[in-house]
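Engineer: In this note's numbering, the protein residues as written are -12 to 288. Quick reminder that beta carbons are idealized off the backbone N, C-alpha and C, glycines included. If you're wondering where the values come from, they're calculated on a predicted model, not measured in any experiment. Dropping the structure in here first, questions after.
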Ligand SMILES: [Zn+2]
């Protein structure tokens, strides 16, 4: 019997295909960067290349993570804010290519699934997964099930307003969490204050080296995340919030102020054990999540 899962993590700028066991072990990978002006055909050709490179791994199913909005039920990739790509029957394309039963969801939901199946939340029935990267997104597990919501867009914590009259967000509002605490925002805020041109990762290194401005920008971002997390916890009575994604690799810089702000804004009597954890799959969450999505989907049937 075939044992492994073909995983396809369609990123905003690169593709990672993986051969994963059903325990989430990464057996092999195929990686490719997209050229500047890519189309869905570019991505499809690279997925085909990845499948050819990995197909000897005895796959029984395929899981796909896409950026942006995805209709899990119809298998349609609806919209990607990075590329503008949309209305793509991604499940049909890949299942025709590989002959495998295929499931697709957005990268945030599959990352939450990775945490549930292989990470820090294996014994946790209810939790919120927050992706902190260039943008901010959230995925919810409620009562041991991925909760997608009526329009399949549950968990959009990045657009919680955390600051009245705050910074402009890509969604058109002002003061969203994403506009104050994403990797892109951390970079923008620091660069405005110091007239420099550094990435969030470089600013994290400065903060660890004792740069006070850099540290304060990270601490403020953490505090906004903690505030938004407290609102989510108060609403849902979940006791675990997990931070993942590239910017959350600086968990050491975000966590102290995030935990302090969450505690400050919590209804504590109802949520005595609420806590913020760092993702265990870390930067592999989306790829491992593709395998978790297959396990999750086949459990529902
Ligand atoms: Zn917004």
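1. Considering only the alpha carbon of each residue, which of 59, 238, 221 lies closest to residue 135?
2. Bridge partners of residue 333, per DSSP?
3. Which residues have their C-beta within less than 5 angstroms of a heavy atom of ligand 1, listed in chain order?
4. Cβ atoms of residue 231 and residue 196: under 8 angstroms apart, would you say?
5. Just how far apart, CA to CA, sit residue 164 and residue 43?
6. Output yes or no for whether 8 angstroms exceeds the beta carbon distance between residue 289 and residue 237.
7. Report the CB separation of residue 94 from residue 257 in whole angstroms; it is logged as a contact under 8 angstroms.
8. Does residue 253 come out as helix, strand or coil in the three-state DSSP assignment?
9. DSSP on residue 286, reduced to helix/strand/coil?
10. Considering only the alpha carbon of each residue, which of 234, 123, 30 lies closest to residue 158?
11. By a C-beta neighbour count over all protein chains shown, 10 Å radius and 16 as the cutoff for buried, is residue 92 buried or exposed?
12. Checking 8 angstroms against the spacing of the C-beta atoms, do residue 155 and residue 147 come in under that value?
13. Inspect the beta-carbon positions of residue 78 and residue 85 and report whether they are closer than 8 angstroms.
14. Residue 265 lies in the alpha helix (DSSP H); which residues open and close that run?
15. When you compare the CB positions of residue 3 and residue -4, do they come within less than 8 angstroms of one another, or not?
Structural biologist: According to the data block:
1. What you label residue 135 is simply residue 148 of the chain shown in a count that begins at 1. For the residues 59, 238, 221, the minimum Cα distance to residue 135 belongs to 59.
2. Limits of the chain in this structure are -12 at one end and 288 at the other, which puts residue 333 out of reach.
3. 146, 156, 158, 160, 163
4. For the purposes of this step, residue 196 is taken as residue 209 along the chain shown, with counting starting at 1. For the purposes of this step, residue 231 is taken as residue 244 along the chain shown, with counting starting at 1. Contact: no.
5. Counting from 1 along the chain shown, the entry for residue 164 is found at position 177. Counting from 1 along the chain shown, the entry for residue 43 is found at position 56. Going from the Cα of residue 164 to the Cα of residue 43 covers about 44 angstroms.
6. Within the shown structure, residues of the chain are numbered from -12 to 288, placing residue 289 beyond reach of any answer.
7. Sequence index remark: in the chain shown, residue 94 carries index 107 (1-based). Sequence index remark: in the chain shown, residue 257 carries index 270 (1-based). Actually they are not in contact, since the Cβ atoms of residue 94 and residue 257 sit about 31 angstroms apart, beyond 8 angstroms.
8. The residue you call residue 253 lines up with position 266 of the chain shown. Three-state result, residue 253: coil.
9. The residue you call residue 286 lines up with position 299 of the chain shown. In the structure shown, residue 286 adopts helical secondary structure according to DSSP, grouped into three states.
10. Position 171 of the chain shown, counted from the first residue, corresponds to residue 158. Per the Cα distances, 123.
11. Indexing the chain shown from 1 puts residue 92 at position 105. Burial state of residue 92 is buried, judged by a 10 Å Cβ sphere holding 16 or more other Cβ atoms.
12. Numbered from its first residue, the chain shown carries residue 155 at position 168. Numbered from its first residue, the chain shown carries residue 147 at position 160. Cβ distance not < 8 angstroms, so residue 155 and residue 147 don't count as in contact.
13. Reading the chain shown from its first residue, position 91 is the one you call residue 78. Reading the chain shown from its first residue, position 98 is the one you call residue 85. Contact flag unset, no.
14. In the chain shown, counting from the first residue as 1, residue 265 sits at position 278. Taken as a continuous stretch (DSSP letters only), residue 265 belongs to no alpha helix (DSSP H), being part of the beta strand (DSSP E) at 262 to 265.
15. For this step, residue 3 is matched to residue 16 along the chain shown. For this step, residue -4 is matched to residue 9 along the chain shown. Contact: yes.
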